[in-house]
Amino acid sequence: MKPITNPEQLERLYRKAEQVCDFQRRIINPAWQAEHDWVVIPIYDNFSEYEFFYIPIALQALSISSCFAVCVSCNDKKAFLVDAATEDLWEFVSEFSITGDGLLFDEQLQFALFREFGGDYGLVAGPKAFVEQALDGSLDTRARDYLFFESNIGRPVKAPLSEYLEQMA
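Here my numbering is used: position 12 in the sequence shown is 12, and no number is missing along the way.
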């Protein structure tokens with residue numbers, strides 16, 4: 001994972017990120033999701049080794065070898081070039097455990113991964129085939145897994161996340 005410091009490139013990446021992500025609500029932009037027929041699935045406790053085994057495979061299927069990460073909630077603009085490999089994806093999670101919410105996306109905006117700063121949830125977004133491959137299976141099953149996790153710790157599902165799950169019903 002390499003920091004991007006060029007001011008023009010930072011501005012360009014943030015403009016792209018703002019197309020995909022509603023920074024204030026910390027969700028995938030509903031208008032973008034509808035316009036591009038994306039599926040968004042929340043995952044509990046952010047990302048695990050299991051997801052990071054399948055996400056690079058899904059990225060390879062889209063011919064993505066590198067992508068970008070931006071800090072959605074930082075006061076100063078921060079961005080990184082991230083290889084589409086397990087090691088760099090772990091760095092993405094580690095970096096945004098410290099600095100704030102992170103959004104990972106590629107140049108063509110074919111997918112997005114959102115990492116919530118507090119570690120409560122992550123979002124996997126993109127075309128249905130990508131999300132299924134990135135999560136290794138049925139979207140219904142993954143949505144049920146998320147609901148099961150939330151109910152087991154006794155907290156209600158946050159409003160934006162419940163909207164994604166309702167779309168799956």
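Where is the CB? At the ideal position from N, CA and C, for every residue including glycine.
*Between M1 and L135, what straight-line distance do the alpha-carbon atoms span, to the nearest angstrom?*
23 Å
*Beta-ladder partner(s) of R115, from DSSP*: G102, G122
*Compare the C-alpha of A61 against each of D140, S138, F53, F130 and name the closest.*
F130
*Would you check if the segment 67-87 and the segment 30-41 touch, i.e. whether three or more CB-CB distances between them fall below 8 Å?*
no
*How big is the Cα-Cα spacing for A84 and I64?*
7 Å
*Is G100 closer than 8 Å to L113 when the C-beta atoms are compared?*
no
*asked:* If contacts are defined as beta-carbon pairs under 8 Å, then G102 and E95 qualify, I think. What distance do you get, rounded to the angstrom?
replied: 7 Å
*Considering only the beta carbon of each residue, do F111 and I4 sit closer than 8 Å?*
no
*Which class does S66 belong to by DSSP, given the choice of helix, strand or coil?*
strand
*Do V82 and C21 have their CB atoms nearer than 8 Å?*
no
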